[in-house]
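Note that the numbering used here numbers the sequence shown so that position 50 is 37, with each residue one more than the last.
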Amino acid sequence: MAVDERGRTRRRLSTEERREQLLSVGARLFSESPYDEVWIERVAEIAGVSRGLLYHYFPGKREFFAAVVEHESERMLRLTQAVPGVPVRGQLTAVLDAFLEYVRTNADGFGAFHRAEAAGDQAVRRVYRAALAAQERQILAVLAADPEYGPDVAERAGVRLAVRGWLAFTTAVCLEWLSEGEPGREQVRDLCARTLLGALAR
């Protein structure tokens, strides 16, 4: 434990806990404001750390925002992992439920992740596009493991384009859902599920 200048007791955070705290603050600020309007000093101020300590974790704003984007991408990929041996139609509802719960409870992180494409920094955009590509590969792998679609599904005309289009559609729906607060999660889930299955129908 440590005592600050006002005599308040503060628990020392581990390296991983501090990094998580900084990424959480960053997600909130980057979701609220464009990349160019977020100041690294403000992140340090909100987190209650020195600017020097923040730079110990992240060399600069570019690396910090890239880390926020990567962190949220990893969370989304973990939440939407496939269940081996279960057909796509059988697990789509559960996967979308988990994803929409993440969107609802981590609106800052989800918003920050999707602001990356609008960032003027090409390095940040590359991280974002790599994250989208990972999501696409994950979906295609699930489809390939399902006998209904088969291992060569990714080679079928239009399938990759359909998956990319569905990811963009789902993002737009979720951002609108967060903004409007309606309809209910089940309706959003069913809309997204129907759209994917419809896009893949032969």
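The beta carbon of each residue, even a glycine, is placed where N, CA and C say it ideally should be.
Check	Outcome
Glu169 burial status per 10 Å Cβ neighbour count (16 or more: buried)	exposed
Assumed close pair Phe52, Phe17 - CB separation to whole angstroms, cut-off 8 Å	6 Å
Cβ shell of Ser20 (< 8 Å), same chain only, five flanking positions each side left out	none
Closest by C-alpha distance to Ser37, when choosing among Leu9, Ser60 and Gln109	Leu9
Assigned secondary structure, Leu0 (DSSP; H/G/I helix, E/B strand, else coil)	coil
Val114 vs Val56 beta-carbon contact at 8 Å	yes
Neighbourhood of Tyr136 by C-beta, 8 Å cutoff - its chain only, sequence neighbours within 5 removed	Val75, Leu130 and Leu187
Inter-residue Cα distance where the pair is Gly185 and Ala85	21 Å
Alpha-carbon spacing of Ala118 relative to Arg(-1), whole angstroms	32 Å
Of the listed residues Ala31, Ser11 and Ile126, nearest to Leu79 (C-alpha basis)	Ile126
Nonlocal neighbours in the same chain, by C-beta distance under 7 Å from Ser1, ignoring five residues either side	none
Rounded distance between the beta-carbons of Ala34 and Ala128, thought under 8 Å	Their Cβ separation, rounded to whole angstroms, is 37 Å, which puts Ala128 and Ala34 out of contact at 8 Å.
Extent of the continuous alpha helix (DSSP H) run through Phe45	Segment: none, Phe45 is in no alpha helix (DSSP H) and carries neither H nor E.
4-residue-minimum alpha helix (DSSP H) runs that sit fully inside the stretch 101 to 136, ordered along the chain	109 to 131
Gly152 versus Asp133, Gly13, Tyr42 and Glu123, residue with shortest Cα-Cα distance	Glu123
Test item: CB-CB of Tyr22 and Met63 under 8 Å	no
Extent of the continuous alpha helix (DSSP H) run through Asp23	No alpha helix (DSSP H) holds Asp23; DSSP gives it neither H nor E.
Whether Leu87 touches Arg176 by CB criterion (8 Å)	yes
Three-state secondary structure assigned by DSSP to Arg62	helix
Per-residue burial, Arg15 [other beta carbons within 10 Å of its own, 16 or more giving buried]	buried
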